[in-house]
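**Q** Here's a structure for you.
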Amino acid sequence: MPSAPVQFFNRYTRKLETEKVLGERWMRWTYETGPGRLALHLLIRRALVSRLYGWRMSRRYSGQKVLPFIIEHNLDEREFVKSPFLYKTFNDFFTRAIKPEARPIAAGDEVAVLPADGRHLVFPNVDTAEGFYVKGEKFGLDALLGEAHMPPEQRELSAKFAGGSMLISRLCPTDYHRYHFPVAGTPSAALLINGYLYSVSPIALRQNVRYLVENKRMLTALDTPRFGGVLMLEIGATMVGSIRQAYVPGRPAAKGEEKGFFKVGGSCVITLFQKGRIQFDADLVAQSAQQVETYAKMGDRLGVATA
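Following this note's numbering from start to finish, the sequence shown increments by one per residue and tops out at 332.
This is the structure in structure tokens:
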């Protein structure tokens, strides 16, 4: 049975809206039909496909797509640091910087902010994430954090964050694709966990939530003065195999400071807090409890420290 339309709650208009999924027909064929799933298993999920697409979007001729894309998706070019006419390739545009005033950072040392533009889900207790997209599907922290890829002495993260709070921020191709630190703290070096490149759209995750723990991703631990230990995972997806970090490990980072960016495609950032360290804002909790994502922008409020 085909998936229902992808809907989200817009934090600014206070309305439920239907997402215009880029390439929806292709995505539904891939994830909702037998032939599509076979193609997914044999080819589409593999890095080579995304690398080839990324290479094409880095050629000069891809720059011809920029202006039509801006017009079709009604993007606000006033936010851009440079004129739309100056982007040489589509990837150059896709990884664009925006003016600081376009994303004001919510004030207060005790306030955490959203790390990226996108559609957000919060789980005050990460254990309740099991069965969210697909009833009965397991969502294990140890698998998500890639503990099997870590040295034995580091395989304690899932226990440290058991019962903690989780934010899933899903970015669409039309979104600003740089991600930022949600709180101030000192970041570790990012650990690469190699994997496949499945879509992170609800169309895909409703078929198999384990795509989140099978995709290529990068894990960073953040030591913070107000929120304790915080983990950030940037998850690659189909056509977005490239995750680039822009921060300096071991150097304190300010809340809202840029952490890195994704190249072409949709993608996802997961933020984990330890148990009892954050209270998510009520509107995010209310919508997530109804299995509805909330659209909001980077720098907007996520919640407050509770310890």
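Quick reminder that beta carbons are idealized off the backbone N, C-alpha and C, glycines included.
Please state the DSSP three-state secondary structure of residue 17.
**A** In this structure the chain extends from 26 to 332, so residue 17 is not present and cannot be described.
**Q** What is the DSSP secondary structure of residue 85, counted as helix, strand or coil?
**A** Here residue 85 refers to the residue found at position 60 of the sequence shown. Residue state, collapsed to three classes: helix.
**Q** What residue range does the beta strand (DSSP E) around residue 311 cover?
**A** Taking the sequence shown and counting its residues from 1, one reaches residue 311 at position 286. Where residue 311 is concerned, there is no enclosing beta strand (DSSP E), although the alpha helix (DSSP H) it sits in stretches over 307–314.
**Q** Please state the DSSP three-state secondary structure of residue 212.
**A** Here residue 212 refers to the residue found at position 187 of the sequence shown. Residue state, collapsed to three classes: strand.
**Q** Evaluate contact between the stretch 189–202 and the stretch 272–285, counting only Cβ atoms and requiring at least three cross-stretch pairs below 8 Å.
**A** Touching, no.
**Q** Does the Cβ-Cβ distance between residue 271 and residue 286 come in under 9 Å?
**A** One-based indexing of the sequence shown puts residue 271 at position 246. One-based indexing of the sequence shown puts residue 286 at position 261. Result yes, Cβ atoms of residue 271 and residue 286 sit closer than 9 Å.
**Q** Among residues of its own chain, excluding the 5 on either side of residue 303, which ones have a beta-carbon nearer than 8 Å to its beta-carbon?
**A** Taking the sequence shown and counting its residues from 1, the one referred to as residue 303 is at position 278. Correct list, in chain order: 137, 190, 252, 327, 328, 329, 330 and 331.
**Q** Would a C-beta distance cut-off of 9 Å place residue 34 and residue 319 closer than the cut-off?
**A** As a working note, residue 34 is residue 9 in the sequence shown. As a working note, residue 319 is residue 294 in the sequence shown. The answer is yes: Cβ separation under 9 Å.
**Q** To the nearest angstrom, how far is the alpha carbon of residue 188 from that of residue 256?
**A** Position 163 of the sequence shown holds residue 188. Position 231 of the sequence shown holds residue 256. Spanning the two alpha carbons is a distance of roughly 14 Å.
**Q** Rounding to the nearest angstrom, what Cα-Cα distance links residue 126 and residue 106 in this structure?
**A** The residue you call residue 126 lines up with position 101 of the sequence shown. The residue you call residue 106 lines up with position 81 of the sequence shown. The straight-line gap from Cα to Cα measures roughly 11 Å.
**Q** Among 38, 41 and 83, whose alpha-carbon lies nearest the alpha-carbon of residue 288?
**A** If you number the sequence shown from 1, residue 288 lands on position 263. That would be 83, whose Cα lies nearest to the Cα of residue 288.
**Q** What runs of the beta strand (DSSP E), each 3 residues or longer, lie entirely inside the stretch 243–287?
**A** DSSP runs (the beta strand (DSSP E)) wholly in the stretch 243–287: 253–260, 268–270 and 283–287.
**Q** Just how far apart, CA to CA, sit residue 147 and residue 154?
**A** Counting from 1 along the sequence shown, the entry for residue 147 is found at position 122. Counting from 1 along the sequence shown, the entry for residue 154 is found at position 129. In a straight line, the C-alpha of residue 147 is about 9 Å away from that of residue 154.
**Q** In whole angstroms, give me the CA-to-CA distance for residue 240 and residue 298.
**A** On the sequence shown, residue 240 is found 215 positions in, with the first residue counted as 1. On the sequence shown, residue 298 is found 273 positions in, with the first residue counted as 1. Cα to Cα, residue 240 sits roughly 21 Å from residue 298.
**Q** Give me the residue from 314, 309 and 315 with the minimum Cα distance to residue 321.
**A** Translated into positions along the sequence shown, residue 321 becomes position 296. Closest option to residue 321, Cα to Cα, is 309.
**Q** What number of angstroms, rounded off, separates the C-alpha of residue 315 from the C-alpha of residue 267?
**A** For the purposes of this step, residue 315 is taken as the residue at position 290 of the sequence shown. For the purposes of this step, residue 267 is taken as the residue at position 242 of the sequence shown. When rounded, the distance between both Cα atoms is 33 Å.
**Q** Looking only at DSSP bridge pairs, what is residue 40 linked to?
**A** For the purposes of this step, residue 40 is taken as residue 15 along the sequence shown, with counting starting at 1. Answer is 35.
**Q** Once DSSP output is grouped into helix, strand and coil, what is the label at residue 329?
**A** Position 304 of the sequence shown holds residue 329. Reduced to three states, the DSSP call for residue 329 is strand.
**Q** Output the residue ranges of the beta strand (DSSP E) runs that lie fully inside the stretch 108–141 and measure 3 residues or longer, sorted by chain position.
**A** Runs found: 136–138.
**Q** For my contact list, residue 247 and residue 206 are in at a C-beta cut-off of 8 Å; report their separation, rounded to the angstrom.
**A** What you label residue 247 is simply residue 222 of the sequence shown in a count that begins at 1. What you label residue 206 is simply residue 181 of the sequence shown in a count that begins at 1. Indeed they touch by this definition, with Cβ atoms about 7 Å apart.
**Q** Whose C-alpha, out of 217, 203, 98 and 237, is nearest the C-alpha of residue 122?
**A** Looking up residue 122 in the sequence shown gives position 97. With distances taken between Cα atoms, residue 122 lies closest to 203.
**Q** Taking residue 91 as part of the beta strand (DSSP E), name the residues at either end of that continuous run.
**A** As a first step, residue 91 is located in the sequence shown; it is residue number 66 there, counting from the start. Per DSSP, residue 91 belongs to no beta strand (DSSP E); it is in the alpha helix (DSSP H), 91–97.
**Q** Within its chain, find whatever has a CB closer than 8 Å to the CB of residue 334; leave out the 5 residues flanking it on each side and keep chain order.
**A** Because residue 334 is not part of the residues shown, which for the chain are 26 to 332, the question remains open.
**Q** Is residue 170 helix, strand or coil when you go by DSSP?
**A** To locate residue 170, count along the sequence shown from 1; it is residue 145. Residue 170: coil per DSSP, three-state reduction.
**Q** Going by the DSSP bridge assignment, what does residue 183 pair with across the sheet?
**A** Mapped onto the sequence shown, residue 183 falls at position 158. The partner list for residue 183 (beta bridge, DSSP) is empty, contrary to what the question assumes.
**Q** Do residue 143 and residue 200 count as a contact pair if the criterion is CB distance below 9 Å?
**A** Here residue 200 refers to the residue found at position 175 when the sequence shown is read from its first residue. Here residue 143 refers to the residue found at position 118 when the sequence shown is read from its first residue. Result yes, Cβ atoms of residue 200 and residue 143 sit closer than 9 Å.
**Q** Closest by CA to residue 323, which one among 284, 96 and 117?
**A** Your numbering for residue 323 matches position 298 in the sequence shown. Of 284, 96 and 117, the residue nearest in Cα terms is 284.
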